[in-house]
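In the working numbering, the protein residues as written are 3 to 235.
Glycine included, C-beta positions come from ideal geometry on N, C-alpha and C.
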Amino acid sequence: MWKMVYGLEKNKEGDFPPNDCEKVAATGPMAGVEKTQDDLPQNGFEKDAATGPMAGELIFRTLQQILLQARTESSKTELSQALKKTALEKGFAISDNQGEGNCMFFALSEQLDLIKGIQISHDELRRTVVQHLRENPRLPDGTELFHFVDGYPSWDAYLTSMMADGTWGDHVILHGAANCFQTCIHVISSLRHRHDVMICPEYDVAGRNRLVLGHLHELHYVSLIPHKGGKDV
Numbered sequence: 003m004w005k006m007v008y009g010l011e012k013n014k015e016g017d018f019p020p021n022d023c024e025k026v027a028a029t030g031p032m033a034g035v036e037k038t039q040d041d042l043p044q045n046g047f048e049k050d051a052a053t054g055p056m057a058g059e060l061i062f063r064t065l066q067q068i069l070l071q072a073r074t075e076s077s078k079t080e081l082s083q084a085l086k087k088t089a090l091e092k093g094f095a096i097s098d099n100q101g102e103g104n105c106m107f108f109a110l111s112e113q114l115d116l117i118k119g120i121q122i123s124h125d126e127l128r129r130t131v132v133q134h135l136r137e138n139p140r141l142p143d144g145t146e147l148f149h150f151v152d153g154y155p156s157w158d159a160y161l162t163s164m165m166a167d168g169t170w171g172d173h174v175i176l177h178g179a180a181n182c183f184q185t186c187i188h189v190i191s192s193l194r195h196r197h198d199v200m201i202c203p204e205y206d207v208a209g210r211n212r213l214v215l216g217h218l219h220e221l222h223y224v225s226l227i228p229h230k231g232g233k234d235v
């Protein structure tokens with residue numbers, strides 16, 4: 003089953019071939035129960051989960067809400083500082099990238115190298131994940147991933163757009179990357195009162211380190227790396 007976990011923020015405000023994906027034979031969706039950040043394990047992810055046909059939709063809607071709310075928040079500078087503060091509190095520092103519509107792929111590329119030792123360029127990563135989505139267009143319960151896509155007339159049109167350099171990655175891409183590379187992806191938002199989101203694949207990855215991304219205003223993603231000496235490294 004495809005396992006997904008997301009934890010609430012505090013009230014205070016392997017070896018893997020770089021050019022291929024391990025295929026996942028999923029049998030059903032799984033969504034994680036809400037936890038406070040203090041309850042989440044530091045070196046893994048919560049394994050207790052609820053099952054049901056709405057599980058996959060819940061995680062996608064949570065990600066969509068984060069993206070939409072980002073557009074209505076205050077300045078990018080303020081959100082950048084907010085993300086820096088939140089990341090620092092959780093033991094991470096921001097590693098920014100040039101963006102240009104490829105920020106999610108740059109961030110994932112750096113994280114794959116740092117965490118899993120997989121060296122793959124942002125453009126090759128884009129092609130690999132899109133191909134994985136093309137071959138795996140449904141959630142384990144049979145729900146079409148296109149159900150979670152906005153602004154495209156068809157699944158093929160969406161994939162064609164995502165294949166193009168400079169197209170912003172979205173929540174569906176994160177799902178594809180998690181399953182393609184068999185790793186959990188932890189997304190920390192700069193927005194106040196938002197959930198962290200943990201996306202995990204079907205394969206049991208307990209005990210393995212997860213990829214950690216920061217999400218900033220205007221759909222900008224950054225890589226978050228372990229904090230050292232009080233400075234971004």
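By Cβ distance below 6 Å, which residues in the same chain neighbour residue i in space, the five residues on each side in sequence not counted?
i, result
"Cys105", "Asn99, His222 and Tyr223"
"Phe148", "Trp157"
Under a three-way DSSP split, which group does residue i fall into?
i, result
"Phe183", "coil"
"Ile122", "coil"
"His222", "strand"
"Ser82", "helix"
"Trp157", "helix"
"Val131", "helix"
"Asp172", "coil"
"Asp152", "coil"
"Gln113", "helix"
"Thr29", "Any reading at Thr29 must be qualified, since the residue scores a pLDDT of 30, below 50, and its modelled position is unreliable; the value itself is stated next. It is coil, neither helix nor strand."
"Gly101", "coil"
"Ala89", "helix"
"Met164", "helix"
"Gln44", "Annotation note: pLDDT 39 at Gln44 (below 50); position unreliable, coordinate value reported separately. Looking at Gln44 - three-state DSSP - the assignment turns out to be coil, as it is neither helix nor strand."
Taking its Cβ as the centre, do 16 or more other Cβ atoms sit within 10 Å of residue i, making it buried, or is it exposed?
i, result
"Thr79", "exposed"
"Asp152", "exposed"
"Ser156", "exposed"
"His134", "buried"
"Gln184", "buried"
"Lys87", "exposed"
"Ala27", "In this predicted model, Ala27 has a pLDDT of only 32, less than 50, meaning its place in the structure is not dependable enough to derive any value."
"Glu204", "buried"
"Gly216", "buried"
"Gly178", "buried"
"Asp172", "buried"
"Ser191", "buried"
"Ala166", "exposed"
What does DSSP give as the partner residues of residue i in its beta bridges?
i, result
"Phe2", "The question about residue 2 has no answer here: the residues shown for the chain are numbered 3 through 235."
"Arg140", "Glu146"
"Ile61", "According to DSSP, which records beta bridges pairwise, Ile61 is partnered with nothing at all."
"Gly216", "Ile190 and Val224"
Excluding the 5 residues preceding and the 5 following residue i in the sequence, name in chain order all residues of the same chain whose CB lies nearer than 8 Å to its CB.
i, result
"Lys230", "Ala95"
"Ala89", "Ala95, Ile96, Ile190, Gly216, Leu226 and His229"
Grab me the residues of residue i's own chain with a C-beta within less than 7 Å of its C-beta, minus the 5 sequence neighbours each way, in chain order.
i, result
"Leu127", "Phe107, Leu110 and Ser111"
"Ile175", "Met106, Val131 and Met164"
"His124", "Asn104, Phe107, Phe108 and Ser111"
"Gly101", "His222"
With a threshold of 8 Å, are at least 3 pairs of Cβ atoms found where one atom belongs to the region 211-229 and the other to the region 108-118? In this structure the region 211-229 lies against the region 108-118, because at least three pairs of beta carbons, one per stretch, are closer than 8 Å.
Touch test, the region 160-176 against the region 137-150, Cβ-Cβ under 8 Å, three pairs minimum: With a cut-off of 8 Å on Cβ pairs, the region 160-176 is in contact with the region 137-150, counting three or more such pairs.
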